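Chains as they are written, first to last, in the numbering used here: chain A, 1 to 303; chain B, 1001 to 1399.
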């Protein structure tokens, strides 16, 4: 079939297409602007009624009391405790897996195990929540009881552990990528000096890949900070200063979900408080992204 | 980098350095540790599946898929949840797939080096790390509060316009679909960029050399080869959207839904005439409205007396009346139109499961496990497909 490719028609179509593509790409920026706009403007209404100093320094969050207090600290301790537990599970396991897959396992084993492990990140988080509440918690209870520790049904320990299992693929997969990017010649130099595989891995490959590994850990960490459903299901909803992982406690995200599940009227202080919590979450996430960026720049080794 | 070799005499290079056996042994010990760590990771998946099968496997009957949720766990099912998930995912896909692919193509093939492009790149890269609950917060602010309550914000616009916005947005399937689409956009953009980048430059140059325009080159010579990579990204994005709970809780996804956004033939349909308050009474008592009845049925008047009505007739009905009829095939087909269901309230599988998990009775935990099993099998199958596609891709194409 003959098609009419006269120049004018073509040029118009081309320009329209380019415009369309540009608009599609611009949506990414609009989302960022939208998130920041909503969170900041609604938080502003919150801070018009609650002082920022109280928000940052008070250690109680009691919006329903007669003298309501709005201190973010209890929610932050919940978030940090859950994240700490998650990292102490995910960092050693992810690191071991990454070194094993990158330096010891054969190509076939690696190609099979890596995607299989990545499935861990694909499991819906509400399913993980169920798993933490009804599988991990009972096991931990039976292990800790002989030690004299009574673990409550809702606790940040099991929520954190399951969160750690969830972020293993982020840490393992990205660290492994970083280690595999270390040139072969560096390993061969090390072997030629008589080093074993393990010595090469820890003294040559890991130091060379450290910026990538740190980036992987921080990405996993920001996933843990933003995770909602596991802590909402298994961590409990009681807002309190969390000092031990065996306590129950609400995280920033779990609190937001908890309030949203109830019927909240637009414009009330309670409604605005979830945006203030959201602002804290946003600042925290951006902070860690920035630290990761800075560390990677600072410690990057270029070959 | 130096490696300490604990040789006693550096000149004697033919002798084995002492302690070699120990160092070799450490190597094998580490391999064991690596394998144990891997097994813990994979074992989690096995434990997860077996726990769900153990708890809820016996509840996976046909009736589970065809029943509404209920206060009686023995009768409850996931009908409204899976239909809601399906409709939300269709909406998500319609937004996310075209926008994500077009944006990816723009960034890889078209974008000039300028501050706007840099801003887009930074935005896309950072969005992937933003917690999903913040996307929900943004949708709550924009789509539920602003667009869903147009009379509060856009009083200057014509009423028809405002009503259309109020019908579509708010706590609706459309809002949920857009929220999840924005959430998975970075996944699809990044996958598209990688796939497009991997198409060799010669393909483009060949097409351009015989006179093809830029878009013709992209459309006919770059996209077809990038397609498998794009599809992989789309599947992973959609499966992520399917399992997301937190953002939909933020925008007010319901936890108990005993109706479907779409009608099946034979379903009872209820239509309330006029605006009613929360007790079902008319907002303006005494007002009437002329209604043309489509099916033979019954009208329940505000005083709860019943009045039979005939199809094709027009009646003056007082506000607060309810027209009851049985949906015909025609009604059912009409209800499939997106303009009908996009504005409907909804629940989805993860919210339904969350609701059942947070109840104390063991029977509800059983059906929560059954719902979780359905969800898990679907997401693992989708991700398995994506992994297989990626594997095939790596094998089949050799540039």
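Every residue, glycine too, gets a C-beta built ideally from N, C-alpha and C. Keep in mind that this is a model prediction, so the values were computed, not measured.
Cβ neighbour criterion (16 or more within 10 Å) applied to residue i
i	result
residue 1388/B	exposed
residue 127/A	buried
residue 67/A	exposed
residue 1163/B	exposed
residue 1310/B	exposed
residue 131/A	buried
residue 1205/B	exposed
residue 103/A	buried
residue 1314/B	exposed
residue 1059/B	buried
residue 248/A	buried
residue 1382/B	buried
residue 1296/B	exposed
residue 81/A	buried
residue 215/A	buried
Residue interval of the alpha helix (DSSP H) (run including residue i)
i	result
residue 1066/B	1062-1066
residue 97/A	73-99
residue 1029/B	1020-1056
residue 1194/B	1173-1197
residue 278/A	269-299
residue 187/A	184-192
Cβ-based neighbour list, residue i, same chain, cut-off 6 Å, excluding 5 preceding and 5 following
i	result
residue 1177/B	1088, 1091, 1092
residue 99/A	201
residue 58/A	69, 71
residue 1363/B	1073
residue 1300/B	1306, 1322
Own chain, CB closer than 7 Å to residue i, minus 5 neighbours either side, in chain order
i	result
residue 1375/B	1243, 1349, 1350, 1353
residue 1137/B	1250
residue 1255/B	1347, 1351, 1355
residue 1159/B	none
residue 1052/B	1369, 1372, 1373, 1376
residue 246/A	149, 151, 155, 157
residue 1153/B	1146
residue 1066/B	1077, 1079
residue 1316/B	1288, 1290
Boundaries (first-last residue) of the beta strand (DSSP E) holding residue i
i	result
residue 1317/B	1314-1318
residue 1308/B	1306-1309
residue 251/A	First-last for residue 251/A: undefined, no H or E at that position.
residue 1108/B	No beta strand (DSSP E) contains residue 1108/B, which DSSP labels as neither H nor E.
residue 1291/B	1288-1292
residue 126/A	No beta strand (DSSP E) holds residue 126/A; the alpha helix (DSSP H) holding it covers 125-131.
residue 1297/B	1297-1300
Own chain partners of residue i with C-beta closer than 8 Å, once the 5 adjacent residues on each side are dropped
i	result
residue 1/A	Bear in mind that a pLDDT of 49 at residue 1/A, under 50, signals an unreliable position, so the number given afterwards is only what the model happens to contain. Counting only Cβ-Cβ distances below 8 Å, and skipping sequence neighbours, we find nothing.
residue 1001/B	Confidence in residue 1001/B is poor, its pLDDT being 46 and thus under 50, which makes the residue's placement unreliable; the coordinate value appears in the next sentence. Taken in chain order, the list of residues that qualify is empty.
residue 54/A	69, 70, 71
residue 291/A	218
residue 101/A	109, 110, 113, 114, 172, 176
Report the residues of the stretch 1191-1214 of chain B with a CB closer than 9 Å to any CB of chain A, ordered along the chain.
Those residues of the stretch 1191-1214 of chain B that come within reach of chain A (Cβ to Cβ, closer than 9 Å) are 1211, 1213, 1214.
Compile a chain-ordered list of the residues in the stretch 1331-1343 of chain B whose CB is closer than 7 Å to at least one CB of chain A.
So nothing in the stretch comes that close.
Under 8 Å, with one C-beta from each stretch per pair, do the stretch 216-231 of chain A and the stretch 278-285 of chain A reach the 3-pair mark?
A contact exists between the stretch 216-231 of chain A and the stretch 278-285 of chain A.
Touching or not, the stretch 186-195 of chain A and the stretch 109-117 of chain A, by the rule of three or more beta carbon pairs under 8 Å?
Contact fails between the stretch 186-195 of chain A and the stretch 109-117 of chain A, because fewer than three Cβ pairs, one in each stretch, are under 8 Å apart.
Any C-beta of chain B within less than 7 Å: which residues of the stretch 15-43 of chain A qualify?
Correct list: 17, 18, 20, 21, 22, 24, 25, 26, 27, 28, 29, 31, 32, 34, 35, 38, 39, 42.
Return the residues of the stretch 279-299 of chain A that lie within a Cβ-Cβ distance of less than 7 Å from chain B, sorted by chain order.
281, 282, 285, 289: these are the residues of the stretch 279-299 of chain A whose beta carbon lies less than 7 Å from some beta carbon of chain B, given in chain order.
Contacting positions in the stretch 1120-1137 of chain B - beta carbon closer than 8 Å to chain A
Residues passing the 8 Å Cβ filter: 1120, 1123, 1124, 1126, 1127, 1129, 1130, 1131, 1132, 1133, 1134, 1135, 1136, 1137.
Where the stretch 1031-1050 of chain B meets chain A: residues whose CB sits under 9 Å from a CB there:
Taking 9 Å as the Cβ-Cβ cut-off, the stretch 1031-1050 of chain B approaches chain A at 1031, 1033, 1034, 1035, 1036, 1037, 1038, 1040, 1041, 1042, 1044, 1045, 1047, 1048, given in chain order.
Closer than 7 Å, Cβ to any Cβ of chain B: which residues of the stretch 256-268 of chain A, in chain order?
Closer than 7 Å at the C-beta level to chain B, one finds these residues of the stretch 256-268 of chain A: 256, 257, 260, 261, 266.
In chain order, what residues of the stretch 1370-1395 of chain B put their CB closer than 7 Å to some CB of chain A?
Residues 1372, 1375, 1376, 1379, 1380, 1383, 1387.
Scan the stretch 100-111 of chain A for residues whose Cβ lies nearer than 7 Å to a Cβ of chain B and list them as they occur along the chain.
Within the stretch 100-111 of chain A, contact with chain B at the beta-carbon level (separation under 7 Å) is assigned to 100, 104.
Could you list the residues in the stretch 191-204 of chain A with a C-beta less than 7 Å from some C-beta on chain B, going in chain order?
For the stretch 191-204 of chain A, residues whose beta-carbon sits nearer than 7 Å to a beta-carbon of chain B comprise 193, 194, 195, 196, 197, 198, 199, 203, 204.
Listed from N- to C-terminal order along the chain, which residues in the stretch 1147-1181 of chain B have their beta-carbon within a distance smaller than 9 Å of any beta-carbon of chain A?
Within the stretch 1147-1181 of chain B, the residues whose Cβ lies closer than 9 Å to some Cβ of chain A are 1149, 1152, listed in chain order.
Going along the chain, which residues of the stretch 1225-1245 of chain B sit with their C-beta nearer than 7 Å to a C-beta in chain A?
Hits within the stretch, in order: 1239, 1243, 1245.
Using Cβ-Cβ distances below 7 Å, what residues of the stretch 168-187 of chain A are close to chain B?
Along the stretch 168-187 of chain A, going in chain order, the ones with a CB nearer than 7 Å to a CB of chain B are 168.
Counting beta carbon pairs with one atom in the stretch 238-245 of chain A and one in the stretch 260-270 of chain A, are three or more of them shorter than 8 Å?
Not touching, per the Cβ criterion.
For the structure I just gave you, are there three or more beta carbon pairs, one from the stretch 1093-1108 of chain B and one from the stretch 11-21 of chain A, closer than 8 Å?
Taking 8 Å as the limit for Cβ pairs, the verdict is that the stretch 11-21 of chain A does touch the stretch 1093-1108 of chain B.
Taking 8 Å as the threshold, find out whether the stretch 248-265 of chain A comes into contact with the stretch 1121-1137 of chain B through three or more Cβ pairs.
Contact between the stretch 248-265 of chain A and the stretch 1121-1137 of chain B is present, because at least three Cβ pairs lie under 8 Å.
Name the residues in the stretch 224-247 of chain A whose C-beta lies less than 8 Å from a C-beta of chain B; which are they?
Listed in sequence order: 225, 226, 227, 228, 229, 232, 233.
If contact is defined by three or more beta carbon pairs under 8 Å, each pair taking one atom from either stretch, is the stretch 89-96 of chain A in contact with the stretch 1203-1217 of chain B?
The answer is no - the stretch 89-96 of chain A does not touch the stretch 1203-1217 of chain B, with fewer than three Cβ pairs under 8 Å.
Listed in chain order, which residues of the stretch 60-79 of chain A have Cβ atoms closer than 7 Å to some Cβ of chain B?
Here the close residues number zero.
Taking beta-carbon pairs under 8 Å, can you tell me which members of the stretch 131-145 of chain A lie near chain B?
So the list reads 131, 133, 134, 135, given in the order they occur along the chain.
Relative to chain A, which residues along the stretch 1300-1325 of chain B have a C-beta separation below 8 Å, given in chain order?
For the stretch 1300-1325 of chain B, no residue has a beta-carbon sitting nearer than 8 Å to a beta-carbon of chain A.
Which of the residues in the stretch 1356-1370 of chain B, read from start to end, lie with their CB under 8 Å from any CB of chain A?
Flagged, chain order: 1357, 1358, 1365, 1368, 1369.
Residues of the stretch 1098-1111 of chain B whose Cβ lies closer than 9 Å to any Cβ of chain A, in chain order
Residues of the stretch 1098-1111 of chain B that bring their beta carbon within less than 9 Å of a beta carbon in chain A comprise 1098, 1099, 1100, 1101, 1102, 1103, 1104, 1105, 1106, 1107, 1109, 1110, 1111, in sequence order.
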